[in-house]
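Participant: Just so you know, the sequences run in chain order A and B.
Quick note, the first sequence lines up with residues 655 to 980 if you use our numbering.
Quick note, the second sequence lines up with residues 188 to 465 if you use our numbering.
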Amino acid sequence: MNPLLRVLDLRTTFPGTPATRAVDGVSFDLEAGETLALVGESGCGKTVTALSLLALVDEPGRIEPGSTVEYDGRNLLALGPRELRRIRGAEIAMVFQEPATSLNPVLTVETQITETLHAHRSVSRTAARMRAAELLELVGIPQAADRLGAYPHELSGGMQQRVMIAIALSCEPKILIADEPTTALDVTVQAQILELLADLQDRLGMAMLLISHDLGVVAGLADRVAVMYGGQIVERASATAIFERPTHPYTESLLQAVPRLDQPVRRLPAIPGSVPSAAAWPAGCRFHPRCPHAWDRCRTSHPPLATTPTGDVRCWLSDEPQRRAR
Amino acid sequence: MRRSLGLVWRDRRARVGLALVALFAILAALASVLASHDPTTQLDLVSKQFQPPSLAHPFGTDFYSRDLLSRVLHGARISLGIAVLSVTVSIVLGTAVGLAAGLAGGLADQVLMRGVDSALALPRLFLVLVVVALWEDVGVVGLVLILGLTSWFDTSRIVRAEVLSIKHRQFVAAARAVGIGLRGIVVRHLLPNIAGPIIVMATLGIGQMILLEAGLSYLGVGVRPPTPSWGQIIADGQQVLRTAPWVAVFPGLAIVVTVLAFSLLGDGLRRALDPRAR
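1) By the three-class DSSP mapping on this structure, what secondary structure does B/M188 have?
2) With a threshold of 9 Å between beta carbons, is A/D712 in contact with chain E?
3) Does DSSP classify A/E889 as helix, strand or coil?
4) How would you call B/M396, buried or exposed, if buried means at least 16 neighbouring beta carbons within 10 angstroms?
5) Using a Cβ-Cβ cut-off of 7 Å (strictly less than) and excluding sequence neighbours within five positions of B/P239, which residues of its own chain qualify?
6) I want to check one thing, is the minimum distance from the CB of B/A459 to the heavy atoms of the ligand PLP below 8 Å?
7) Which residues bound the alpha helix (DSSP H) around A/I795?
8) Buried or exposed: which applies to B/M188, given that a residue is buried once 16 or more other Cβ atoms fall within 10 Å of its Cβ?
9) B/F313: buried (16+ other C-beta within 10 angstroms of its C-beta) or exposed?
10) Work out the CA separation of B/G281 and B/A389 for me, nearest whole Å.
11) Is A/L830 helix, strand or coil by DSSP?
12) Would you list, in chain order, the members of the region 848-882 of chain A that have their beta-carbon closer than 7 Å to a beta-carbon of chain B?
13) For A/Q886, count neighbouring C-beta atoms within 10 Å of its own C-beta (all shown protein chains included) and say buried if the count is 16 or more, exposed if not.
14) To the nearest angstrom, how far is the alpha carbon of A/K700 from that of A/A676?
15) Do B/I386 and B/G262 come within 9 Å of each other at the CB atom, strictly closer than that value?
16) Provide the residue span of the alpha helix (DSSP H) that contains B/V276, from first to last.
17) What residue does the alpha helix (DSSP H) around B/A209 start on, and which one ends it?
18) Alpha carbon to alpha carbon, how far is B/V279 from B/P310? Give it in angstroms, no decimals.
19) Which whole-angstrom value describes the C-beta separation of B/P415 and B/P226, a residue pair presumed to lie in contact below a C-beta threshold of 8 Å?
20) Tell me where the alpha helix (DSSP H) around A/E724 begins and ends.
21) List the residues of chain B whose Cβ lies closer than 8 Å to the Cβ of A/M748, in chain order.
22) How many angstroms separate the CA atom of A/T837 from the CA atom of B/L451?
23) Relative to the alpha-carbon of A/I746, which residue among B/R363, B/T430, B/V276 has its alpha-carbon at the smallest distance?
24) Report back the beta-carbon spacing between A/L937 and A/R953 to the nearest angstrom; my notes put them in contact at under 8 Å.
25) Using only CA atoms, which one of A/I847, A/P957, A/Y904 lies nearest to A/D973?
26) B/V444 lies in the beta strand (DSSP E); which residues open and close that run?
27) Compute the beta-carbon to beta-carbon distance between B/V365 and A/A822, rounded to the nearest angstrom, for a pair I have assumed lies under 8 Å.
28) Output yes if chain A places a C-beta closer than 9 Å to the C-beta of B/R356; else output no.
29) Along chain B, which residues have their Cβ under 8 Å away from the Cβ of A/R816?
30) Let me check understanding here. Comparing Cα to Cα, which of A/P835, A/T703, A/K828 lies closest to A/V817?
31) Do we get a CB-CB distance below 9 Å when we pair B/H376 with the residues of chain A?
32) Taking Cβ-Cβ distances shorter than 7 Å, what residues in chain B pair up with A/L761?
33) For B/A320 and B/S338, I'd like the C-alpha separation in whole angstroms.
34) Could you tell me the distance, in whole angstroms, from the CA atom of B/Q357 to the CA atom of A/T722?
35) Could you check the C-alpha separation between B/R375 and A/V760 for me, to the nearest Å?
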C-alpha cells in the first residue's frame, strides 16, 4: 500500500548570494488518517515545507526540480495551475498560523466559507449557505447561523481560527496541514482548538500534518513526530519513542526545555545559541555548534538519516554511542 | 450590499452627500421639464439683457438675454454627465492597468509604470489641449473619452501600490491554499480591499472632472456654445463679473455644491464599505 502522501527529497531555496536553502532534502510519508507532527525551532524550515507541499511558495522562492510530493499517484509539484487548484482545498487543505491575518477583513464569514465550496463543487447559493452554517456548527461555533454574517474583526481569535478550520474542512479534504494552528492563541483557547482538531480528525478520518514548535501541543495529537533542524529532518519516530527515548541531541534538548509537572520547579535549560542562517549552514552536522556531544567527525562530515530500531536519526552518535558526553 | 447601503444612510454626512447628488441627478434628468425657458433662446436682447435675479428669472439673465436658471439646469446635464462618464472610463482603465501591473510584476509592470510615469510628467490640461486641438469638433462623447483617457494614470499607480501590498497578505495565501483561482482572488480578495481608495479617487475625480471640463469650456475647446455647461456659463460671466456677478456666481455655486456632495458621499461610502472602520 502506498502512503497517502509521499514527500521525497523536497528542496526549496530562495535566491541570493549565497542562496537560502530553507528546505534542504526533506522526505517523509503521511498515511491515511494519521497525524504526523513536524517539530522544530523558528527558522528550521517547517512552514516553507508546508507551503511547498501545495506549491504555494511565493516568488522568488523556488522548489528545486528533483523534489517530489506524491499524492494519489501524481507529483503535485509537476501539475499545472488548474490541476493544482483542484487539489488545494478539495484534497489537501491548510490552516495558517495567525487566524487574524488569514481571514479577509472585508468579507463576511459566510462569503469566505462558501467561496471555497463554489470553487470545488457546483452547489447552489442556498445549499452553500446551509453547508456553511453546518460547518460552523461542526467547528463548535455557537449560534452558527447567526454568525454567518459576521466579519472577522467581530470574532475572537479562537473563533477566527475555528472559522479558518471550517473553511479548510469545507470540501472534506483527505489531508489537513495545520501550520502552528494554536501559536497565536491564548493557552486555554489553544487546548480547545487542539481538542477540536483531534475530534474532527477522528470523525472525518483525515490525515493531519501538524506543524508546531511546541512539543506540548504535539504530544497530545501526534502519532509520529519528525524533528526538523537546519532545513532537514534530524529525527523521526513514533510519538511515544520520541518522548520516551529521544535519540538526537537536538530532540533531547527540546524536550528538556519543556516545563514538566512531575518534576520540581527549576530553571529550564535552554539550547545555547540560535538556529544558524539558512544561507550558511555550518559544515558537517548542522547542529554541531550547539551540540554538547560534538566531536571532530561532527564538524567535518554531515551525518545521513540512519535507520535505527525505534526510528530514523541523523546523528553520528548512532554510529559511535560511546562518544556521548555524560 | 443592502447592509452597506444602510450604513451609508446612517452616516449623517454621507446622507447629505447622497441627497445632494440625487437632487442634482434628478434636476439634470428633468432639466427640460423644470426649466421655464429654452436654455439657448435669446428672449429679448434689448430689454432682457443682464437682468439681475428676479421672480421671473431667479438666476437672472446673461448678455444674450437667456434665462440663467434654465441654462444652469441644462448645464447640469452636460457637466455632470461628462464628469460621471469620464470618471467611469478613467477608474475602470486605471484599475485594470494597476491590477495588471501589480499582479504581473516583472517586465510588464516596469513597462506599464514607466509609461504611466511619462504620461504623468505632462500637465493634464496641456495633454487634453493637445488631443482636443488634433481632433476637429470633439463633441460630448469625444470629450468624455479625452477626459477619461488622460486621467487614469494616477489611479493606476495607486491601485498598483495597493495590489502590491495586499497580494502578499496572509489571507491571499490562505485563499490560494484552498484552491481559489486568479479571478476569485482579484474579485473577492483584492478589489474589495482596495475599494476604499478607488471610491475616494472616483469621487474626488468627479469634482476634478467638473472643474477640468469647466476649464476647457472656458478656454473654448470643450463644450461648444450655445450648448450650456457650467464652465461655459462661468466663461460667459467672467467678463462681466463686476457688473453682472450672478452670471458666474450661480453655476460656480452649483460646481462647489456638487463637488462637495460627491466628496461627502465618497467619504461615507468608503467608511461603509470598510467593516473595520465601523
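Ideal Cβ positions, reconstructed from N, Cα and C, are used throughout, including at glycine.
Facilitator: Result, derived from the coordinates:
1) For the purposes of this step, residue 188 of chain B is taken as the residue at position 1 of the second sequence. Confidence at B/M188 is low in this model, with a pLDDT of 49, below 50, so the placement of that residue should be treated as unreliable; the coordinate-derived value is given next. Correct three-state label for B/M188: coil.
2) Checking the listed chains, one finds no chain E in this structure; the protein chains it contains are A and B.
3) For the purposes of this step, residue 889 of chain A is taken as residue 235 along the first sequence, with counting starting at 1. A/E889 falls in the strand class under three-state DSSP.
4) As a position in the second sequence, residue 396 of chain B is number 209, starting the count at 1. Flag for B/M396 reads buried.
5) Here residue 239 of chain B refers to the residue found at position 52 of the second sequence. Within the same chain, B/P239 has close Cβ partners G247, W433.
6) Looking for the ligand PLP in the displayed structure turns up nothing, as the structure carries no ligands at all.
7) By 1-based counting over the first sequence, the position of residue 795 of chain A is 141. Premise fails: A/I795 is in no alpha helix (DSSP H) and is neither H nor E.
8) Reading the second sequence from its first residue, position 1 is the one you call residue 188 of chain B. Summary for B/M188: the model assigns pLDDT 49, below 50, so the residue's position carries little reliability; its value from the coordinates is reported in the next sentence. By the neighbour-count rule (16 or more Cβ atoms within 10 Å), B/M188 is not buried but exposed.
9) Residue numbering aside, residue 313 of chain B sits at position 126 when the second sequence is read from its first letter. B/F313 is exposed by the Cβ-count criterion.
10) Numbered from 1 along the second sequence, position 202 holds the residue referred to as residue 389 of chain B. Numbered from 1 along the second sequence, position 94 holds the residue referred to as residue 281 of chain B. Whole-angstrom Cα-Cα distance: 11 Å.
11) Locating residue 830 of chain A in the first sequence gives position 176, counting from the first residue. Strand, per DSSP.
12) Residues of the region 848-882 of chain A whose Cβ lies closer than 7 Å to any Cβ of chain B: none.
13) Residue mapping note: residue 886 of chain A aligns to position 232 of the first sequence, counting from 1. Looking at its Cβ environment, which holds 16 or more other Cβ atoms inside 10 Å, A/Q886 is buried.
14) Counting from one through the first sequence, the residue named residue 700 of chain A turns up at place 46. Counting from one through the first sequence, the residue named residue 676 of chain A turns up at place 22. A straight-line Cα-Cα distance of about 9 Å links A/K700 and A/A676.
15) Position 75 of the second sequence holds residue 262 of chain B. Position 199 of the second sequence holds residue 386 of chain B. For the pair B/G262 and B/I386, the CB atoms are not nearer than the 9 Å cut-off.
16) As a working mapping, residue 276 of chain B is identified with position 89 in the second sequence. Per DSSP, B/V276 belongs to the alpha helix (DSSP H) from 255-291.
17) The sequence position of residue 209 of chain B within the second sequence is 22, counting from 1. Per DSSP, B/A209 is one residue of the alpha helix (DSSP H) stretching across 199-216.
18) Along the second sequence, one-based indexing puts residue 310 of chain B at 123. Along the second sequence, one-based indexing puts residue 279 of chain B at 92. Looking at the two C-alpha atoms, the distance is approximately 21 Å.
19) Within the second sequence, residue 415 of chain B is the residue found at index 228, counting from 1. Within the second sequence, residue 226 of chain B is the residue found at index 39, counting from 1. Contact flag correct, Cβ pair sits at about 5 Å.
20) For the purposes of this step, residue 724 of chain A is identified with residue 70 of the first sequence, where counting begins at 1. Bounds of any alpha helix (DSSP H) do not take in A/E724; it lies within the beta strand (DSSP E) bounded by 722-725.
21) Counting from one through the first sequence, the residue named residue 748 of chain A turns up at place 94. The contacting residues are A361, A364, V365.
22) Counted from its first residue, the first sequence places residue 837 of chain A at position 183. Counted from its first residue, the second sequence places residue 451 of chain B at position 264. C-alpha of A/T837 to C-alpha of B/L451: approximately 43 Å in a straight line.
23) Mapped onto the first sequence, residue 746 of chain A falls at position 92. The shortest Cα separation from A/I746 among B/R363, B/T430, B/V276 belongs to B/R363.
24) Within the first sequence, numbered from 1, the residue matching residue 937 of chain A stands at position 283. Within the first sequence, numbered from 1, the residue matching residue 953 of chain A stands at position 299. What sits at residue 937 of chain A in the sequence shown is Ala, not Leu. Sure, about 7 Å apart at Cβ, within 8 Å.
25) Within the first sequence, numbered from 1, the residue matching residue 973 of chain A stands at position 319. Looking at the Cα atoms, A/P957 is the closest of the given residues.
26) Here the question's residue 444 of chain B lines up with position 257 in the second sequence. Where B/V444 is concerned, there is no enclosing beta strand (DSSP E), although the alpha helix (DSSP H) it sits in stretches over 433-460.
27) Taking the second sequence and counting its residues from 1, the one referred to as residue 365 of chain B is at position 178. Taking the first sequence and counting its residues from 1, the one referred to as residue 822 of chain A is at position 168. Your pair B/V365 and A/A822 checks out as a contact, with CB atoms roughly 7 Å apart and the cut at 8 Å.
28) The residue labelled residue 356 of chain B in the question sits at position 169 within the second sequence. Yes, because at least one Cβ of chain A sits closer than 9 Å to the Cβ of B/R356.
29) Here residue 816 of chain A is taken as the residue at index 162 of the first sequence, counted from 1. None at all; the shortest Cβ gap to chain B is about 14 Å.
30) Residue mapping note: residue 817 of chain A aligns to position 163 of the first sequence, counting from 1. Of A/P835, A/T703, A/K828, the residue nearest in Cα terms is A/P835.
31) Residue numbering aside, residue 376 of chain B sits at position 189 when the second sequence is read from its first letter. At least one CB of chain A lies nearer than 9 Å to the CB of B/H376.
32) Numbered from its first residue, the first sequence carries residue 761 of chain A at position 107. Per Cβ cutoff of 7 Å: R375, P379.
33) The residue you call residue 320 of chain B lines up with position 133 of the second sequence. The residue you call residue 338 of chain B lines up with position 151 of the second sequence. Answer to the nearest angstrom: the Cα atoms are 17 Å apart.
34) The sequence position of residue 357 of chain B within the second sequence is 170, counting from 1. The sequence position of residue 722 of chain A within the first sequence is 68, counting from 1. When rounded, the distance between both Cα atoms is 25 Å.
35) Walking along the second sequence from the start, residue 375 of chain B turns up at place 188. Walking along the first sequence from the start, residue 760 of chain A turns up at place 106. Rounded to the nearest angstrom, the two C-alpha atoms are 9 Å apart.
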